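Undergrad: Pasting a structure below so you can have a look.
Protein chains in written order, with my numbering: chain A, 1 to 151; chain B, 1001 to 1666; chain C, 2001 to 2279.
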């Protein structure tokens, strides 16, 4: 991490939003909740990380080219919006395409390609996955929760 | 017909700037009962007081009103002046036209009018004042000190040296408290027992100190100057008067492997034992939960060996009564329990440090015993698991303290200092060892304290990391300590042989029950409450009871000793004469009209009202009544407000006075 | 016994071996899984990372639909899902939040259904009953019980077991006749959903976890989370390649072990579909 979690919180306290929102640390955080659980002042550090991620994206400060995680999460959400449930093949396909288009890293397309037959052999690949029936409500939920642009 | 004098003060500019004092004096002179009215620049100064005295004499005043500042400031001053002139001091009232008038208003006309009204009220009050006499309470000129740690010892010696008898009650078999178990103390690195034991011996041999060791306070009755204390002397099963302390009994006891309380579990002791060699009294005690004779009628080797025939298996707890005039509470502290199990639901423990799971994760008092010259390892730092000498020791500060999530938000004050001390003691014993300290802040505010900590870092090579430890695990025989250094902005992992946790200071067990027996207050953590945090740090809100040492708040030895001497000096003031005088503005009950419903008895926060009986001179019963104890009543007025028959009234603030004041405004 | 069942996307996706294991094992204990109709994705990591409202709305919809369909209990075998559902339950104690969420998801969110993870499922069946039903005690198994993050954290949301030194999984494993080890990475994160987007972190964490389990004498790792399983099982070959060390650590679902002890075969439980099938 370029900035340690306690430093991220400190930057927020000092109002140094640029530094916090542009940091790599908030995208490396895996959300394991250990920080919030241990904090003696009961600061919800994991919650702060979540909030900074949302704000960073809303302000366009997190470049998906730099942080694959941003691209992945966005594509994940779009996937659910369309299907109601996750369509894994679609997710993988979109993610790889997106990374290659943004970063030009062609080899990424073929990364872990060997896993595909492995998964297929184990009947873990679903070419026609089940979709949620009531997808309309999912679309409406997404619309209602659209992130507001903060000043 | 009243002859009241009203003296209005300018208080320099404080009153005169906003209130027209000449106008006030002129208008006030017209109030009924006012004989003379004047104003002066500084009434509280000598010339001002002289004017009051002079007017009392020349105008034969029977009441005085001083219109100036708050009575908190100078009521006593003016009452003394009046008394010097021969006027009863309780016929003096103050009208606060400063804090309640000139200091809070801007409009001169309105402030002046208000000042006149305030004085009108005071005049009305004085007209209805009675010439009260101070209450005299007889004093038993002896003191009780609860707790035989360094604070209790200091207080007891001061009071006893001043010529008064002291009863000391100590719960453990020996006095000395936590200080007796420490190795060396900061900032001098004095050997703790070496400086304490002479004091302990002095207490043990002092002609005016009566020591009840292995005893507890069972019951407290009475009031300031007149306490009756019931003390429970727990059964030792050893007759102290016969025992010579030769040690044959504890040498021969076959049950040697019991965890020693004095060593906080780092060492063992027999079932019959003396907590440490320098104990006062140097007499053993038998742990009845471990002794074979007491449990199943076996063994009894000690009895056979004892030449002085001092062992008595038929011993029982004994209740003793002592009469004292003042009490000093010095019950000390205990360490926060670091493991998961806690004494109440507001506290939580640290699962991540492995305390209780890994033998080599210990707390600070346990470390003291391991480095103490008279400790279970003879002063050689051997770690608990395998007795090896640790080459790398991690000290963690603020375990429990400053932790809202665990329930203790306060700072325990001494840990920064003793942790630095620990690193120095460690280095002096293990020359090739390395001490690591994880801290959040360094609190070293005392005399020479900052320099002491710097010495630990600069001369004795302790490594200090600014950050907390997240987790301690055991890998390949080492304790892996994962922490952070926020100054460098990076994680720090240390492989340690021993980890010492600086646990928070909490009040000793049972302090809340004791406080309830004594009727003194305590906060949410159990620390005893002082009367005023700035100006009355050793008094409590209950007259005659004082506090000293760590039972009040976390503190180090110099502060505990200072506070103990302060409490002792307050006690000496109290015991200076055979009688105490108390202000007479207390409640009184008209026993003729009292309906004996005892609502007042139930509501009085000071338990100052008793149930009593009215009898004829020959002893025939007339009626029940409530009766105020003038020694305890603090004049709060609660009883007056609950009494349904209006029999309770407050002297100096009677219902009649208040009604008169209110009606005067109409 | 019938119990409401919320599979979540993983169990109907590439972690369908977990579902196979659950149906087989719980079926042998007379527990039928009633999959709730019309469930949608709980939002997983993506929602709470990018959109706070959405992270509450998606699981809220699921809770509302489950309650609408009369499910008093909901078994959610994936801890990401169960944690999200419990988060909604906690949030809707505030009436304003409850109203707002109900409007957003077009259904009444009451937050009353009980949400269970796999370990709680076994506790509900009864660890003693489980023990009594064991036909083939797992004497050759020395397991490192791996809880991961979200079974025990955040403690004020999930209120389950001790979040520093948990023992609930060990209790179930012990009832099956297997041995468990004391080890140091019980609740350390495996990297969760970063499998594809930040592989480096996942490999490093998985390496530490698998390594520590082996060091402490375990011959397998037991999990109750599909993401943990993927990171420790499917990615194990990549870990071995990255750090040049042979691990050969089988990763079982808790229901796998229970099923084996009850006498079911590896094929019935889907164990043969794992990536690492033998040490």
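No residue lacks a Cβ here, since even glycine has one placed at the ideal position from N, Cα and C. Small disclaimer: the values here were computed from a predicted structure and weren't measured.
Residue 1414(B) by DSSP, collapsed to three states: which one?
TA: Numbered from 1 along the second chain, position 414 holds the residue referred to as residue 1414(B). In this structure, residue 1414(B) counts as coil in the three-state DSSP scheme.
Undergrad: Compute the Euclidean distance between the alpha carbons of residue 1388(B) and residue 1379(B), then round it to the nearest angstrom.
TA: Within the second chain, the letter at position 388 stands for residue 1388(B). Within the second chain, the letter at position 379 stands for residue 1379(B). Approximately 13 Å, taken between the alpha carbons.
Undergrad: Go ahead and pull the three-state DSSP assignment for residue 2092(C).
TA: Taking the first residue of the third chain as 1, we reach residue 2092(C) at position 92. Three-state DSSP puts residue 2092(C) in coil, outside helix and strand.
Undergrad: What runs of the alpha helix (DSSP H), each 4 residues or longer, lie entirely inside the segment 1113–1174 of chain B?
TA: Within the segment 1113–1174 of chain B, the complete alpha helix (DSSP H) runs of at least 4 residues are 1150–1161.
Undergrad: Can you check the segment 1025–1099 of chain B for any beta strand (DSSP E) of at least 3 residues that lies completely inside it and give the ranges in chain order?
TA: Fully enclosed beta strand (DSSP E) runs of 3 or longer: 1034–1040, 1063–1068 and 1092–1096.
Undergrad: Under 8 Å: do the segment 1604–1621 of chain B and the segment 1154–1172 of chain B share three or more Cβ pairs, one atom per stretch?
TA: At 8 Å Cβ cutoff, the stretches do not touch.
Undergrad: So, using beta-carbon positions, are residue 1590(B) and residue 1664(B) closer together than 7 Å?
TA: Locating residue 1590(B) in the second chain gives position 590, counting from the first residue. Locating residue 1664(B) in the second chain gives position 664, counting from the first residue. No.
Undergrad: What is the DSSP secondary structure of residue 2144(C), counted as helix, strand or coil?
TA: The residue given as residue 2144(C) occupies position 144 in the third chain. If DSSP states are grouped into helix, strand and coil, residue 2144(C) belongs with the strands.
Undergrad: From 1022(B), 1561(B), 1596(B) and 1418(B), pick the residue whose C-alpha is nearest to that of residue 986(B); which is it?
TA: As displayed, chain B neither begins before 1001 nor continues past 1666, which places residue 986(B) out of reach and without an answer.
Undergrad: Give a yes or no on whether the minimum CB-CB distance between residue 1493(B) and chain A is below 7 Å.
TA: As a position in the second chain, residue 1493(B) is number 493, starting the count at 1. No, no contact with chain A.
Undergrad: Specify, as a first and last residue, the run of the beta strand (DSSP E) that residue 1507(B) falls within.
TA: Looking up residue 1507(B) in the second chain gives position 507. Note, residue 1507(B): beta strand (DSSP E), 1505–1507.
Undergrad: Taking the beta carbon of residue 1194(B) as the centre, do at least 16 other beta carbons fall within 10 Å, making it buried, or is it exposed?
TA: Start at 1 with the first residue of the second chain, and residue 1194(B) comes out as number 194. Exposed, because fewer than 16 other Cβ atoms sit within 10 Å of the Cβ of residue 1194(B).
Undergrad: When DSSP labels each residue in this structure, what does residue 1490(B) get in the three-state scheme?
TA: In the second chain, counting from the first residue as 1, residue 1490(B) sits at position 490. Here residue 1490(B) sits in strand by DSSP.
Undergrad: Using CA coordinates, which residue listed in 1510(B), 1412(B), 1476(B) and 1392(B) is at the minimum distance from residue 1401(B)?
TA: On the second chain, residue 1401(B) is found 401 positions in, with the first residue counted as 1. Of 1510(B), 1412(B), 1476(B) and 1392(B), the residue nearest in Cα terms is 1412(B).
Undergrad: Establish whether the CB of residue 40(A) and some CB of chain B are separated by less than 7 Å.
TA: Walking along the first chain from the start, residue 40(A) turns up at place 40. Chain B, which has a Cβ nearer than 7 Å to the Cβ of residue 40(A), makes this yes.
Undergrad: Per DSSP, which one or two residues make a beta bridge with residue 1007(B)?
TA: Numbered from its first residue, the second chain carries residue 1007(B) at position 7. In the DSSP output, where bridge partners are listed per residue, residue 1007(B) has 1038(B) and 1066(B).
Undergrad: Once you ignore the five residues that flank residue 1286(B) on each side, which residues in its own chain have a CB closer than 6 Å to its CB?
TA: Locating residue 1286(B) in the second chain gives position 286, where the first residue counts as 1. Cβ neighbours of residue 1286(B) beyond the five flanking positions: 1237 and 1272.
Undergrad: At a cut of 8 Å, does the segment 1552–1561 of chain B reach the segment 1582–1597 of chain B through at least three beta carbon pairs?
TA: Too few Cβ pairs lie closer than 8 Å, so no.
Undergrad: List the residues of chain C that residue 119(A) touches, going by C-beta distances under 7 Å, in chain order.
TA: Counting from 1 along the first chain, the entry for residue 119(A) is found at position 119. Ordered by position in chain C, the residues that pass the 7 Å Cβ test against residue 119(A) are 2014.
Undergrad: Identify, in the order they occur along the chain, each residue of the same chain with its Cβ nearer than 7 Å to the Cβ of residue 2069(C), setting aside the five sequence neighbours on each side.
TA: Numbered from 1 along the third chain, position 69 holds the residue referred to as residue 2069(C). Result list for residue 2069(C): 2036 and 2037, in chain order.
Undergrad: Which same chain residues end up closer than 7 Å to residue 1330(B) when comparing Cβ atoms and leaving out the 5 residues on each side of it in sequence?
TA: As a first step, residue 1330(B) must be located in the second chain, where it is residue number 330. 1145, 1146, 1147, 1149, 1151, 1152, 1155, 1548, 1549, 1551 and 1564, listed in sequence order.
Undergrad: Write down the C-beta distance between residue 2270(C) and residue 2020(C) rounded to the nearest angstrom, noting that I regard them as a contact closer than 8 Å.
TA: Against the third chain, residue 2270(C) aligns to sequence position 270. Against the third chain, residue 2020(C) aligns to sequence position 20. The pair is a contact, with the Cβ atoms about 4 Å apart (cut-off 8 Å).
Undergrad: How would you list, in chain order, the residues of chain C whose beta-carbon sits under 7 Å from the beta-carbon of residue 1473(B)?
TA: Numbered from its first residue, the second chain carries residue 1473(B) at position 473. Within 7 Å Cβ-Cβ: 2184.
Undergrad: Is the separation between the beta-carbon of residue 1631(B) and that of residue 1367(B) shorter than 7 Å?
TA: Counted from its first residue, the second chain places residue 1631(B) at position 631. Counted from its first residue, the second chain places residue 1367(B) at position 367. Result no, Cβ atoms of residue 1631(B) and residue 1367(B) do not sit closer than 7 Å.
Undergrad: Between the Cα of residue 966(B) and the Cα atoms of 1405(B), 1327(B), 1099(B) and 1073(B), which residue gives the shortest distance?
TA: The displayed coordinates of chain B run from 1001 to 1666. Any statement about residue 966(B) would go beyond what the structure contains.
Undergrad: Go to residue 2050(C), then tell me how far its alpha helix (DSSP H) extends in each direction, as first and last residue.
TA: As a working note, residue 2050(C) is residue 50 in the third chain. 2044–2050 is the extent of the alpha helix (DSSP H) around residue 2050(C).
Undergrad: For the alpha helix (DSSP H) holding residue 1368(B), just list the boundary residues, first then last.
TA: Residue 1368(B) sits at position 368 when you count from the first residue of the second chain. 1364–1371 is the extent of the alpha helix (DSSP H) around residue 1368(B).
Undergrad: Would you kindly report the start and end of the unbroken beta strand (DSSP E) that includes residue 1478(B)?
TA: Locating residue 1478(B) in the second chain gives position 478, counting from the first residue. Start and end: 1478–1485.
Undergrad: So, does the segment 1013–1033 of chain B touch the segment 1042–1061 of chain B, judging by three or more C-beta pairs under 8 Å?
TA: They do not touch, by the three-pair rule.
Undergrad: Please go through the same chain and pick out, in chain order, the residues whose beta-carbon is closer than 8 Å to the beta-carbon of residue 116(A), but skip the five residues on each side of it.
TA: Position 116 of the first chain, counting from 1, holds the residue named residue 116(A). The answer, listed in chain order, is 125.
Undergrad: With the cut-off set at 7 Å, would you say residue 54(A) and residue 2101(C) are in Cβ contact?
TA: Position 54 of the first chain, counting from 1, holds the residue named residue 54(A). Position 101 of the third chain, counting from 1, holds the residue named residue 2101(C). Going by C-beta atoms, residue 54(A) is not nearer than 7 Å to residue 2101(C).
Undergrad: Taking C-alpha atoms, which residue in 2203(C), 2135(C), 2229(C) and 2008(C) lies nearest to residue 2243(C)?
TA: Counting from one through the third chain, the residue named residue 2243(C) turns up at place 243. The shortest C-alpha separation from residue 2243(C) is found at 2203(C).
Undergrad: Within 7 Å (strictly less), CB to CB, does residue 2170(C) reach chain B?
TA: As a first step, residue 2170(C) is located in the third chain; it is residue number 170 there, counting from the start. Cβ-Cβ to chain B under 7 Å: no for residue 2170(C).
Undergrad: Have a look at 1460(B), 1467(B), 1292(B) and 1514(B) and flag the residue whose alpha-carbon is nearest the alpha-carbon of residue 1430(B).
TA: On the second chain, residue 1430(B) is found 430 positions in, with the first residue counted as 1. When each option's Cα is compared against that of residue 1430(B), the closest is 1460(B).
Undergrad: Ignore the nearest five residues each way along the sequence and tell me which others in residue 1638(B)'s own chain have a CB closer than 6 Å to its CB.
TA: As a first step, residue 1638(B) is located in the second chain; it is residue number 638 there, counting from the start. For residue 1638(B), where only same-chain residues beyond five positions count, the Cβ hits under 6 Å are 1603.
Undergrad: May I have the straight-line CA-CA distance separating residue 56(A) from residue 1444(B), to the nearest angstrom?
TA: What you label residue 56(A) is simply residue 56 of the first chain in a count that begins at 1. What you label residue 1444(B) is simply residue 444 of the second chain in a count that begins at 1. Those two C-alpha atoms are separated by around 42 Å.
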